[in-house]
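Just so you know, we're using our numbering here: the sequence shown kicks off at 3 and counts up by one.
The C-beta atom is built at its ideal place from N, Cα and C for all residues, glycine as well.
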Amino acid sequence: MSTTSKRVPLRLLWFRRDLRLADLPALAEAGADGADVLACYVLDPRLAGAGERRLQFLYDSLRELSAALDGRLLVTRGRPETRIPNLARQIGASSVHVSAEFTPFGVRRDTAVRAALGDVELVETGSPYLVSPGRVTKPDGTPYQVFTPYYRRWVEHGWRAPPRTGPAAARWIDPADIDAKNIAIPDPGTELELPAGEKAARRRWKRFAEAAVDGYDTDRDRPDLDNTSRMSAYLHFGNIHPRTMAADLDARAAGPRAYLRELAFRDFYATVLAQWPRSAWWNFNAGFDAIEVDDGPDARAAFAAWQEGRTGFPIVDAGMRQLRQTGFMPNRVRMIAASFLVKDLHLPWQWGARWFLDQLVDGDVASNNHGWQWAAGSGTDAAPYFRVFNPQTQAGKFDPDGTYVRRWIPELGDSEHPGAYPEPIVDHGRERAEALRRYQRIR
């Protein structure tokens, strides 16, 4: 009596913003039925313009992922719509597996890859979000434009428990066994304040969840206390999934509930960008297209002073210097710095958004740019046009002892070097009145 051996499935797992092995639904789907899986990452030349720190974080994450796979991660360079179909053909893959993407760039890229794959299916399983864009809608099926009702529905919707995945979830194909352009992962040597990768993400989250999350509702606005989680870059690159984090949060307590709400904001802004791709760089509220903004040499000089942390407003300058030196800035200080740019200097929010994306390790178009629109008053849940942050008042409230400011501006109050710190480049009261005048004109 003869037997017929069953052919082992061959699949391709394409990593993108999910650089981890734990809690990865796409891995579970790719490795199902004992499949042989080739893990790959494509260095897309279109992303080479990302900030230096963000690229370093990416490369370091890839190195750790490769090590976790005992070197069985194929890293190749080129356009995904060329490289992914070529790899699929080389190994005879029946399907390509990914985490779903919703950014305008990601959607365009995946549409092109899907078309180039032909009969080979591009299978999307899971996403970088607790609740993927499109899942939470109004009763009539339309997307929310205001966060609070979105948040209520988001909580009601909920999410699944983290799937158990890891290196043993698939039988990995060794890239050395196939004829492919496997390149060395670059290392530009940019210094990072925090280590990248899945292990570092899980260690940091464990420390924060055990020691600091209970006070998050009150401490998150205090840059002097340095009690924020610093998980944003790990989330952006998918070193950890927010579902893993949410499993440790008891929403009945104020601190964990406040943190969960921030994860909801991340999902909300991703949804806004997916539904209204134009809002990445254009005013969500088109009425703000008519706002008067400054330009010319004086405006450029003021912008440079803001970038370099020499506006003469300590809380603004401390944040901008921290950003330049570390690639991070606490959220409260981001709001203060953003308000100063658009309402004291009267410059376009897009200037600030581009600078932040260039500098931030956690630079994310959805969260960053819609956060800027909140400050400018032109976005969803826009701050009232008449809300203009007073830098001195904000500093007194959230950095009452000046600890944060002194950390980043050591020359402030230096009696041996008088005049080392600049005088304010604008009069806040006068510029506040001017900002209100400009906003009134477009109402």
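Taking every protein chain shown into account, the CB of Gly128 has 16 or more other CB atoms within 10 angstroms, so this residue is buried.
Its Cα nearest to that of Thr167, the residue Ala24 stands out among Gly404, Ile242 and Ala24. The C-alpha of Gly36 lies about 43 Å from the C-alpha of His372. Taken in chain order, the whole alpha helix (DSSP H) runs of length 4 or more contained in the stretch 199-227 are 200-213 and 218-221. Tyr146 has its alpha-carbon roughly 15 Å from the corresponding atom of Glu158. DSSP places Phe59 in the uninterrupted alpha helix (DSSP H) bounded by Glu54 to Ala70.
With a 10 Å radius around the Cβ and a threshold of 16 neighbouring Cβ atoms, Ala340 comes out buried.
The beta carbon of Gln309 lies closer than 7 Å to those of Met322 and Trp357 in the same chain, with the five residues before and after it left out. For Phe17, the uninterrupted beta strand (DSSP E) run begins and ends at Leu12 to Phe17, by DSSP. DSSP links Trp174 through a beta bridge to Val39.
Counting along the chain, Arg326 sits inside the alpha helix (DSSP H) bounded by residues Pro316 to Thr328. Only residues of its own chain outside the window of five on either side were considered, and among them Arg259 and Leu262 have a CB closer than 7 Å to the CB of Ala253, listed in chain order. By the 16-neighbour rule on beta-carbons within 10 angstroms, Lys345 is buried. Non-local C-beta neighbours of Phe290 in its own chain, meaning closer than 6 Å and more than five positions away in sequence, comprise Ser380, ordered along the chain. DSSP places Ser97 inside the beta strand (DSSP E), whose first and last residues are Ser97 to Val100. With distances taken between CA atoms, Ser101 lies nearest to Val125 out of Leu49, Val125 and Arg245. With contacts defined by Cβ atoms closer than 9 Å, Arg116 and Glu103 do not form a contacting pair.
Contact between the stretch 326-338 and the stretch 197-211 is absent: fewer than 3 CB-CB pairs across the two stretches fall below 8 Å. In the three-state DSSP reduction, Glu310 falls in the helix class (H, G or I). Comparing C-alpha distances from Gly257 to each of Leu237, Tyr236 and Asp223 shows the shortest one belongs to Asp223.
About 4 Å separates the CB atoms of Leu45 and Arg79; that is less than 8 Å, so the two are in contact. Within the same chain, and ignoring the five residues on either side of Trp278 in sequence, the residues whose Cβ sits closer than 7 Å to its Cβ are Phe286.
Annotation for Ser96: Pro11, Leu12, Arg13, Val122 and Glu123 place their beta carbon closer than 8 Å to its own, counting only its chain and skipping 5 residues before and after.
Closest in alpha carbon position to Thr395, among Gly415, Ala202, Val77 and Ile317, is Ile317.
9 Å or more divides the Cβ of Trp376 from the Cβ of Asp366. In the three-state reduction of the DSSP assignment, Val77 falls in the strand class.
Contact check for Phe305 against Leu343 passes: the beta carbons are separated by less than 9 Å. Between Ala118 and Pro141, the C-beta gap is not smaller than 9 Å, which leaves the two residues out of contact. For Leu262, no beta strand (DSSP E) encloses it; the enclosing alpha helix (DSSP H) starts and ends at Ala256 to Gln277.
Residue pairing by DSSP places Glu433 opposite no residue, since no beta bridge is assigned to it.
Secondary structure note for Leu196: it is in no beta strand (DSSP E), with a DSSP letter that is neither H nor E. In terms of Cα proximity to Ala249, the closest of Arg162, Phe239 and Ala114 is Arg162. For Glu126, there is no enclosing alpha helix (DSSP H); the residue is part of the beta strand (DSSP E) that begins and ends at Glu123 to Glu126. The alpha carbon of Arg74 has as its nearest neighbour, out of Ala28, Ile187 and Val390, the alpha carbon of Ile187. Taking C-beta separations shorter than 6 Å and ignoring five residues to either side along the sequence, the partners of Ser231 in its chain run Phe210, following chain order.
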